[in-house]
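>
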Amino acid sequence: MVPLDHVIGLSAVLFTIGVVGVATRRNLIVMLMSIELMLNAVNLAFIGFNRMWPGEPGAIALDGQVFVLMVIAVAAAEVAVGLGIVISMFRNRDSVDVEVVSLLRW
Amino acid sequence: MTVPAVLFYAFAALAVLSAIGMVVQVRNTVASAMSLVITMVALAGIYVLLEAHLVAVIQIMVYGGAIVVLFLFVVMLLNLRSDDFGPARQRLVRLAAAAIGVFALTWMLRLFSGLPEAPPLPEGFGGYREVGIALYTDYVLLVEVASLLLTAAIVGALILAKRKID
Amino acid sequence: MVNESSDPLLRWIPLLPLLAAIFHGVMIGVVRRATPRWLVIALSCGTVAGSFLLSCVVFASLAGLPDGATLVDGLYTWIGAGVGELRFNAELRFRLDALSSVMTLVVTGVGLLIHVYSIGYMDDDHRDDKGFQRFFCYLNLFTFSMLMLVLGDNLVLMFLGWEGVGLCSYLLIGFWYSDRFNAYCGSKAFIVNRIGDFGFLVGIFLLFGALASAGAPTVDFAEIRASFGLISEMTVPAPFWGPEWRLVDLIGLCFFVGACGKSAQLPLYVWLPDAMAGPTPVSALIHAATMVTAGVYMVSRLSFLYAAAPVASAVVAWVGALTALFAATIAIAQTDIKKVLAYSTVSQLGYMFLAAGCAGYTGAVFHLVTHAFFKALLFLAAGSVILAMHHEQDIRKMGGLRRRIWQTHAVFLIGVLAISGIPPLSGFFSKDEILVAAWTAHVPGHLWLYAIGLVTAGITSFYMWRLYFVVFWGESRASHHVREQIREQPPVVVNPLWVLAALACLGGAIGFPQVYGDALGIERSHSLNNFLGGLFPVVEHHLAHSTEYAMALAAIGMAGAGFGIAYLCYVARPELPVRAAAALKVPYQLLLEKYYVDELYDALIVRPLVKLSDVVLFRGIDAGLIDGVAVNGTARGVRGLAAHGLKYLQSGFTQSYVFLMIVGAVAILGYLLR
Amino acid sequence: MLIGVIVKSLFILIVMVAGLAPVITWIERKQSAVMQDRIGANRADVGGITLLGLMHPLADVFKLLSKEDVVPTGANRIMHLISPVIAAVPAVIAFAVVPFGGVYTLGGEEFSLVAANPDWGLLYIFAIGSIAMYGTVMAGWSSNNNWSLLGGLRASAQMISYEVTMGLSVVGIFMVFSTLQLQDMVVAQDDTFRVFGFLEVLFGLSVPAWLDFVRLPAWGVFYQPLGFVLFLTTIMAENKRPPFDTPEGESEIIAGYHLEYSGMRFGLFFMAEFIEVLVIAALMTTIFLGGWSVPWLTTETIIGGIAGVFGEGFATGICIILHFLSFMLKVVFMIWLQMALRWTLPRFRYDQVMDLCWKIILPLSIANVFVTGGIILLAGGTS
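Protein chains in written order, with our numbering: chain X, 19 to 124; chain W, 69 to 234; chain G, 24 to 697; chain A, 3 to 385.
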């Protein structure tokens, strides 16, 4: 059977990679992608835990999977708006480098 | 080592490698996007192994098919050239991030070892029928809220990205 | 319970003046249009007259009842709270027994006369009707409150009346509020009364608390009297005064503080002289006849309590006596006609408390009644003198009015005779009764009390005659222009004076002492004593007729001495007082400045209090601590923190924000999964 | 179980992909020629035999193999090389789910002629479709050529939009057959229904007995006529077939994303396209035209009839052949339909394609869902 603790471990690894991606890369699009990756890691954890507690035959518990669907919906919304921002940023600054948009500071 | 376990490790390795590829890929963003797609597909494979069939398909269709294509669309539209890793100061941030990453990695792995073995599966666990029923009976409010969210996102994206026609 | 029969008429006695007051109030406040003068007069005087008639009717029916019976008229439960042991219910119920019927008669009787008098008095200086109506509204309100105080069946109603009269006195003293000094005097009267009322309240609470702890929580006088035995032995641990105080003494003292405030006794008398700032009818009604006597009524109403509290009674007696002497001495040197009468009132009240303290409650009430008559008479006469002299109150500018306003002169003379205690008039009998009570009292040092009483009687007659001679005899010292103007007042002013004069003369009859009664063959001559006898604890004192006669002669002697000296100084040798004043420079100045009591209070209490509240409370705590440290301090602190610390977090670089987020997340995760 | 799957997939690869796909190139040329009143390609011959031009596909293959494989400079080599494969492979593996035979019990052991029958069958097709999209997108981007970039952009936009409407238009079918598995759908379509039955069901009128005779095969197209039209349009658009082939619109952007491709990799793209045509035909038949079911003859009647005379085994064999033949006939018909559509309709302008998708097909498919839902509720449970 699929070793569940490794599943959660994998999700942790992916999440950390996502975090590192967001922290290090300066290209906004790659940061968005890393965030997508983090969301996917979370989805994996959800599915893993749901597989761990599927509920009795009578009452199947699918909370994890429903939640994953919701996360996907949210992720889609987030990407749509995120890329909207990227486009408008590119239009104003001709670059997607995060360092360029540092006007809002003390 | 049963077939699913082997498959799982294969997919896991693929996912991790492509994830790292995405993050490390500096020269061109489309390559990052491609590696992201590979991660998505790998994860979809793992979902199938974890008996979440509907979610796997949706993962491919939505994440793989739509979201990453959106990324590609934007990248191609904006015709971006590559960007470098930034000045030395960035190195500090990167190092710190890497350190945190490694620390979190080991620590979480240690924490989550020793989870119970997966219990037997109730019939029809991850199929589209049960998930559909769950979606539209217990979580119908969630679905409505999600639809509301998506509409808002569409409007938002439209306004943000629309060229100012004045 | 003592037998009582209900009489629905009782409620109308206080209700009538209230209705008139409400009508006036509505017309002034809400409708805001001036009502015709005749309607105002008709309403206010009519209602008080109605109350007076009702009082007489009720007095007659009470007299008919067997001894000790009372008339009761309960409307509804005013305050009903709790049940069983912890209940507190104050019924809105009127009770008419001998004492309260006498008081109602005095209040409504004298009140009616003063109402009539004030129609004339207030007429000239209030062309616009609103001031006129406002004055009568307050007067009616005052009459209502006084009747509530007197007819109230329980302590709470009495307190309601107590406060009502305090309020009305404030309103009426400060009637001409446009003049700042009047407003100041009004508020001074109100504040000093409030201090007294505080004592009164504490007394009520203590009494109720004691009764409740003894298992009979009640505020009704009858019930208190019935279950008084339960608490008479209770004691209160006195912190550093040695042995424990008897609770009853403490309650008596608290009530007496209330009485001092209201009836202007020694520590709290300062407001009465300044109360003269109000119109004269007000001084007559409130500060001579009715309100100031509330204290005496209260003490006599709670006579069973004071009888069982020797210490409290002693204090009452001594304070009364000292006040009498003290006020009398000040009155000697006063130059304002109303001030002299004010101090004389304080002094006479001192007498009443002296009697009450010596368990001569009937004497106190008798003197209260007679005093109401001749003091109201004196004030109203002074009022007509002032009117005649066009609002001139300084007696040094008066003189020689005998010929010009002979009616006022005659009436004033009767008043002076009564107050100085010349035999046939009422003053002599009531004052004599008090001196007898002082002589036979069980209070420690009662002989000294008698001596003070006697001396004060002498001083009283001296300053009254001085006033009389200075104002009416000799040449008129008024300015030429004023001198022509002096004319007698219209009948509406003078007639009530004649009525009062008659009352002052015949007042003595209602309390004709038994000792003379026997001599003249009238067996139950002291009708007042017989009437009130049942209410008060009877103190057995057997006095040989000879001593009584001797004391009477002594009193007459002192009165005559006072007359003689006054005649000598102000008629025979007018320069004598001037030389005396020059010779005794310091004491004269002391008297003139009223022993600097006001300045003393000002220095000791008012100024430090103001300074305390300003410097310590306001600047120190409010501005300094709360505003300074707490409010502005925190604001400055937050601004500082933000400027020097938090600002640098907003670096503008997304990377640093992400980094902080990660650190935060890891920290939380670390904490959660530790 | 594994052997069965291998046999079936080999069968699909050989018959369907290797066999039929090249023929489709011929069909297209021939049919378009006939439609345009010309003879079409018939020159290629092997030793004189031209077989009406059937040799041409073979000739094409050899031609493309011999062509030089050019990779433009500055292009992203790896992506440029991989993209045709990513475009072609999904088309091929889409057949796994298509049933080309019924469910038979032979010697006590039951087997169904479909390579794989996961319970989310049809969704598999959509998933594969969205992966195929990357082939075109990568091709467009990696060939370092503006026109191909534009072609790639258009392709991705078009495919994303049509993926949505493709999903929605087929929901009607899901509701009617209340399953996603294609094999179950075909089994459900394998009988007939009374035409005038709907009067009885919807309006509660009593239908005279003799009218029962008029029956139609219970095919998806009769249940979901609108669904059939919508699904056909969306899936052709998804496949970038001519009416919607703006991505490689010759007139505007030359050859679109596969501009810089030559030789066998260009062949791969073409082969992918034609396999897609086949997939579309197979899908349409399975969902709407009753798949392998013979029109008025259900499996039981066939096996029952023949088994009585020649025995069970033989009967099932005959039945399998019959089913496979009916399936192939329908597929050919659908191919013909697509070719006809291709050569009659002019190419849509790019914005028209988008409008058609979002403003016409989407509302229609949603309406279709509601109407179907209403009818199902009225009919009281799935019929």
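Beta carbons are placed, not taken as given, at the ideal position from N, Cα and C, and that holds for glycine.
Would you check if the stretch 316 to 327 of chain A and the stretch 125 to 137 of chain A touch, i.e. whether three or more CB-CB distances between them fall below 8 angstroms?
The stretch 125 to 137 of chain A, when compared against the stretch 316 to 327 of chain A, does not touch it at the 8 angstroms Cβ threshold.
> Is it right to say Glu54 of chain X is buried, meaning 16 or more other beta carbons lie within 10 angstroms of its own, or is it exposed?
In the first sequence, residue 54 of chain X corresponds to position 36, counting from 1. Buried, since its Cβ has 16 or more Cβ neighbours within 10 Å.
> Starting from the C-beta of Val515 of chain G, find all residues in its chain whose C-beta is less than 6 angstroms away, skip the five residues before and the five after it, and write them out in chain order.
Within the third sequence, numbered from 1, the residue matching residue 515 of chain G stands at position 492. So the qualifying residues of the chain are Ile142 and Gly143.
> Using a C-beta cutoff of 8 angstroms, does Tyr196 of chain W count as contacting chain A?
The residue given as residue 196 of chain W occupies position 128 in the second sequence. At least one chain A Cβ lies under 8 angstroms of Tyr196 of chain W.
> With a threshold of 8 angstroms between beta carbons, is Ile246 of chain W in contact with chain X?
The structure shown does not extend to residue 246 of chain W, since chain W spans only 69 to 234, so no value can be given for it.
> Using three-state DSSP, classify Thr93 of chain G as helix, strand or coil.
Sequence index remark: in the third sequence, residue 93 of chain G carries index 70 (1-based). In the structure shown, Thr93 of chain G sits in a strand (DSSP, three-state: E or B).
> What would DSSP say about Thr384 of chain A, mapped onto helix, strand or coil?
Here the question's residue 384 of chain A lines up with position 382 in the fourth sequence. With a pLDDT of 43 at Thr384 of chain A, under the threshold of 50, the predicted position of this residue should be treated as unreliable, though the coordinate-derived value follows. In the structure shown, Thr384 of chain A sits in coil (DSSP, three-state: anything other than H, G, I, E or B).
> Taking any Cβ of chain W, which residues in the stretch 103 to 124 of chain A have a Cβ under 8 angstroms from it, in chain order?
From the stretch 103 to 124 of chain A, only Pro120, Asp121 and Trp122 have a Cβ closer than 8 angstroms to chain W.
> Threshold first: 3 residues or longer. Then list the beta strand (DSSP E) segments lying entirely within the stretch 97 to 140 of chain G, N to C.
Counting whole runs of 3 or more residues, the stretch 97 to 140 of chain G contains the beta strand (DSSP E) stretches 111 to 119.
> Where does Phe198 of chain A fall in DSSP's three states?
As a working note, residue 198 of chain A is residue 196 in the fourth sequence. Looking at Phe198 of chain A - three-state DSSP - the assignment turns out to be coil, as it is neither helix nor strand.
> At a Cβ cut of 7 angstroms, what residues of the stretch 72 to 84 of chain W count as close to chain X, listed as they run along the chain?
Under the 7 angstroms Cβ criterion, the stretch 72 to 84 of chain W contributes Pro72, Ala73, Phe76, Ala80, Ala83 and Val84.
> DSSP three-state call for Pro219 of chain A: helix, strand or coil?
The residue given as residue 219 of chain A occupies position 217 in the fourth sequence. Pro219 of chain A falls in the strand class under three-state DSSP.
> Consider the Cβ of Gly258 of chain A: report whether some Cβ of chain W lies at a distance smaller than 8 angstroms.
Position 256 of the fourth sequence, counted from the first residue, corresponds to residue 258 of chain A. Output row for Gly258 of chain A: interface = no.
> Put Glu112 of chain A into one of helix, strand or coil per three-state DSSP.
In the fourth sequence, the residue the question calls residue 112 of chain A occupies position 110. It is a strand residue.
> Please list, in chain order, the residues of the stretch 132 to 143 of chain W that have any C-beta partner in chain A closer than 9 angstroms.
If the cut-off is 9 angstroms between Cβ atoms, the stretch 132 to 143 of chain W has Gly132, Gly133, Ala134, Val136, Val137, Leu138, Leu140, Phe141 and Val143 near chain A.
> Name, going along the chain, the residues of the stretch 58 to 80 of chain X whose beta-carbon falls closer than 7 angstroms to a beta-carbon of chain G.
Flagged: no residues at all.
> Which class does Tyr106 of chain A belong to by DSSP, given the choice of helix, strand or coil?
Working through the fourth sequence from its first residue, we reach residue 106 of chain A at position 104. Strand at Tyr106 of chain A.
> Please classify Trp294 of chain G as buried or exposed, where buried requires at least 16 neighbouring CB atoms within 10 angstroms.
On the third sequence, residue 294 of chain G is found 271 positions in, with the first residue counted as 1. Flag for Trp294 of chain G reads buried.
> Mapping the DSSP letters down to three states, classify Ile201 of chain W as helix, strand or coil.
Stepping through the second sequence from its first residue, residue 201 of chain W is reached at position 133. Ile201 of chain W: helix per DSSP, three-state reduction.
> Leu145 of chain W versus chain A: which residues are under 9 angstroms apart at the beta carbon?
Within the second sequence, numbered from 1, the residue matching residue 145 of chain W stands at position 77. Per Cβ cutoff of 9 angstroms: Leu155.
> Just tell me which of W:Val213, W:Tyr115 and W:Ile135 has its CA closest to the CA of Val99 of chain X.
Mapped onto the first sequence, residue 99 of chain X falls at position 81. Out of W:Val213, W:Tyr115 and W:Ile135, W:Ile135 has the C-alpha closest to the C-alpha of Val99 of chain X.
> What residues of chain X sit near Ser674 of chain G, judged by a beta carbon separation below 9 angstroms?
One-based indexing of the third sequence puts residue 674 of chain G at position 651. Correct list: Ser120, Arg123 and Trp124.
> Please list the partners that Ser132 of chain A has in chain W, where partner means a Cβ-to-Cβ separation under 9 angstroms.
Numbered from 1 along the fourth sequence, position 130 holds the residue referred to as residue 132 of chain A. What Ser132 of chain A touches in chain W: Ile128, Met129, Val130, Gly132, Gly133, Ala134 and Val137.
> If I follow the unbroken alpha helix (DSSP H) through Ser367 of chain G, where does it start and stop?
As a first step, residue 367 of chain G is located in the third sequence; it is residue number 344 there, counting from the start. Per DSSP, Ser367 of chain G belongs to the alpha helix (DSSP H) from Ile360 to Gly380.
> So, at 7 angstroms on beta carbons, what are the nonlocal neighbours of Leu391 of chain G in its own chain, with the 5 sequence-adjacent residues on each side left out?
As a working mapping, residue 391 of chain G is identified with position 368 in the third sequence. Thr316, Val319 and Met375, listed in sequence order.
> Are the stretch 171 to 178 of chain G and the stretch 105 to 120 of chain G touching, with three or more C-beta to C-beta distances below 8 angstroms?
Yes: at least three Cβ pairs fall under 8 angstroms.
> Return the bridge partner residues of Ser29 of chain G from the DSSP annotation.
Reading the third sequence from its first residue, position 6 is the one you call residue 29 of chain G. Partner(s): G:Val95.
> In whole angstroms, give me the CA-to-CA distance for Phe33 of chain X and Met49 of chain X.
The residue given as residue 33 of chain X occupies position 15 in the first sequence. The residue given as residue 49 of chain X occupies position 31 in the first sequence. Computed Cα separation, rounded: 13 angstroms.
> Consult DSSP for Gly375 of chain A and reduce its assignment to one of helix, strand or coil.
For the purposes of this step, residue 375 of chain A is taken as residue 373 along the fourth sequence, with counting starting at 1. Three-state result, Gly375 of chain A: helix.
> Let me know if Pro365 of chain A comes out buried or exposed under the rule of 16 or more other beta-carbons within 10 Å of its beta-carbon.
Taking the first residue of the fourth sequence as position 1, residue 365 of chain A is located at position 363. Result: exposed.
> Compare the C-beta of Gly661 of chain G with all C-beta atoms of chain X and state if any pair is closer than 8 angstroms.
By one-based count along the third sequence, residue 661 of chain G stands at place 638. Note that residue 661 of chain G corresponds to Val in the displayed sequence, not to Gly. It does not: the Cβ of Val661 of chain G has no partner Cβ on chain X nearer than 8 angstroms.
> Flag this pair as touching only if the stretch 441 to 460 of chain G and the stretch 493 to 512 of chain G have three or more C-beta atom pairs under 8 angstroms; answer yes or no.
Taking 8 angstroms as the limit for Cβ pairs, the verdict is that the stretch 493 to 512 of chain G does not touch the stretch 441 to 460 of chain G.
> Using the three-state DSSP reduction, which class does Asp272 of chain G fall into: helix, strand or coil?
As a first step, residue 272 of chain G must be located in the third sequence, where it is residue number 249. Residue state, collapsed to three classes: helix.
> What does DSSP give as the partner residue(s) for Asp243 of chain G in the beta ladder?
Along the third sequence, one-based indexing puts residue 243 of chain G at 220. Per DSSP, G:Asn177.
> In angstroms, rounded to a whole number, what distance separates the CA positions of Leu28 of chain X and Val116 of chain W?
As a working mapping, residue 28 of chain X is identified with position 10 in the first sequence. As a working mapping, residue 116 of chain W is identified with position 48 in the second sequence. Between Leu28 of chain X and Val116 of chain W, the C-alpha separation is close to 16 angstroms.
> Give me, in chain order, the residues of the same chain whose beta-carbon lies closer than 7 angstroms to that of Thr194 of chain A; leave out the 5 immediate sequence neighbours on both sides.
In the fourth sequence, the residue the question calls residue 194 of chain A occupies position 192. For Thr194 of chain A, where only same-chain residues beyond five positions count, the Cβ hits under 7 angstroms are Arg217, Leu218, Pro219, Ala220 and Trp298.
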